[in-house]
Structures are given as C-alpha cells and as structure tokens.
Amino acid sequence: MNRKQFLGTMAAAIPATGAAYKLNALHNFSKDLSATEKMPVLFLGHGSPMNAIEENQFVKGFRDIEKEIHKPTAILVISAHWETRGTFVTAMEAPATIHDFGGFPQALFDVQYPAPGSPELALETQRIITTTQVGLDDHEWGLDHGSWSVIKHLYPAADVPVIQMSIDYSKPASYHYALAKELASLRQKGVLIVGSGNNVHNLRRISWAHMNSVGYAFDWATEANEQMKSYILDHNHQPLIDFRNQGSAWDLAIPTPEHYLPMIYALALQEKEETIKIFNEGAVAGSLMMTSLKIG
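Those letters in the sequence shown? Residues 1426 to 1721, by my numbering.
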C-alpha cells in the first residue's frame, strides 16, 4: 500500500471531525520514529495493586530491570484488566489513572500516574494490525492498575507516553499469539511493549494465612510455574498456547485466562536469536506467581 492509499484508508476509518489533524499527527509520528536499536519486551507479574505503594523484592525487580533498558519513546501495555469484545487501543492525549479495585487503603486510591497518552502511537498500532479491526478509544478507558502500578516503578516521572491495548476475551490464545506478532515493528521504533498479568493467578485459592509470606506456594502452583518456565527457556511456545491441554495443575493456575494472556503477547514477540531473562521469581499467598520476563 502506498502513502496515498494509506491516507485514504485512514481517512475512511477516522471520524471526519479532526481527521486531518490525526492524519497529520500520524504522518509526523511515523516520520519521527526513525529506526532504533530493537527494544526488549517485558512480561511483568503485577500481583496485588499494593505493589504500587509498597517496597518489596518485586518492586525492586521492576526498578532493576529498567536499568537494563534504553528509555523508550513510548510504551504499549497489554493489561489483564482491560477485556473487551474486539480489540481496542487507548487514543487519548491524557489517559486517566483508573483505580479498578476495592477494599484497599486510601493511599492507593490517591495514587495518580499522569503519563501522557499517544494518539499517534494508537493510530500506528491500528495501521500495522491487519488481521482484525482495531478500535480507537479516546475517552472510555485510560491506564488501569495493570499498567500504572508497574510502569510507575520503571518510569516514576511519568514522562514516557503510555497506551494500552485491550484483550479480546472471545478469542483463544492462538489468536492473541498471532495478533501480538503484528506488533513487532514497533520494537524498532523505540516502543517498549509490556504484558502485565500473572502466569499463575487463582484468587479463589488464595491462602489468606500466607498473604505476607513470600515464597509459600501450593504444589500445583509450583508445578505449573516450573513447567511454564521450562517451555519458555526452551523457546517452546506451543504448549504455552495450548495451556488448556497441560493438565490439572495448569487448570488451577489459570482458572480464567486474562492474567495469563499478556505473557502470550510477550512470548509471541520473541525472535529466534533472542535470549530471555526470568526475574522476580516468587510465590505470594500460595496461588499467585510473580514470575516476570525480559525478552531481548
């Protein structure tokens, strides 16, 4: 598709009001995103929202991994906490800090993460995904705690633009794996892609007696986590995509897929020659794993 055809396609996809501005902004964004050293990809086990305001080994792990990464031009987050029918990206200039939880101290609700959005990156993301239509959300969502509770430890100054991409809850893991691969070109334009969830996440099985005992894990949680790590290190993604065929330990580890799928997005972007670093290993309350990954 040449530039004239692309602009015509985008004009049809964008509401008439402000279309000229948005197309000009997209052109400028694409022009400014010259090729960079390929950015890594992260999967961050975000755990409890309280990690946003606590000091612990996992928060330190987030800060330490940031030291290994060149400061990005922008960040695209796939968070467990934005599920939709269809795929959307946030496209507002100033995304709200969403406190999508209850029962926590007021100090957590007082947290604001005023990172700018990037309508231009949203448009670029919409452009490069061709297997499905991507909707632009310019007012409904923002940054949920799957994004800001971890990104704030990487970039506390909130000076890097952040957008989110939703998870289509109606689609299987194979769909999400294929969709993620279409994001690959963003890595060479200074964009840090982050999946945020937990590979083992079963709130119904939490051991309340061990809420403050890092390292306590049920046998099934340990079994599933170790098997997942083995496949990850072997670059053997198919069993991870076929997670519903891996046995009872995995069924307990992934009772619903929304926290697991962000890891699938991250793994899909791993290229053959790329190494992978596992960090923040640790169990919480028996049924949560904070396992995190740096790819590349």
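The C-beta atom is built at its ideal place from N, Cα and C for all residues, glycine as well.
- For Ser-1572, the number of other beta carbons within 10 angstroms of its own is at least 16, and it is reported as buried.
- Across the structure, Glu-1462 and Val-1587 are spaced so that their CA atoms are roughly 19 Å apart.
- Membership of Gln-1663 in the alpha helix (DSSP H) is indicated by the continuous run 1663-1666.
- For Thr-1647, the uninterrupted alpha helix (DSSP H) run begins and ends at 1644-1658, by DSSP.
- Thr-1556 is not bridged by DSSP to any residue.
- Looking from the CA of Pro-1544, the closest CA among Gln-1589, Pro-1530, His-1506 belongs to Gln-1589.
- Unbroken alpha helix (DSSP H) runs of no fewer than 4 residues, entirely contained in the segment 1506-1539, are found at 1531-1534, following chain order.
- Three or more beta-carbon pairs drawn from the segment 1633-1645 and the segment 1668-1680 are found closer than 8 Å, and the two stretches are therefore classed as touching.
- Rounded to the nearest whole angstrom, the CA to CA distance from Pro-1581 to Pro-1664 is 36 Å.
- Gly-1620 is positioned such that its CB atom lies closer than 9 Å to that of Val-1466.
- Taken through DSSP and simplified to helix, strand or coil, Ala-1499 comes out as strand.
- A contact between stretches requires three or more CB pairs, one per stretch, nearer than 8 Å, and the segment 1612-1626 fails this requirement with the segment 1533-1542.
- The beta carbon of Ile-1478 lies closer than 7 Å to those of Ala-1532, Leu-1533, Val-1536 in the same chain, with the five residues before and after it left out.
- When rounded, the separation of the alpha-carbon atoms in Tyr-1602 and Tyr-1690 is 6 Å.
- For Gln-1482, the enclosing alpha helix (DSSP H) begins and ends at 1482-1491.
- Contact between the segment 1501-1521 and the segment 1554-1571 is established, with three or more Cβ pairs separated by less than 8 Å.
- For Gln-1589, the three-state secondary structure derived from DSSP is strand.
- Shown here, Ser-1473 sits in coil according to DSSP, grouped into three states, outside any helix or strand.
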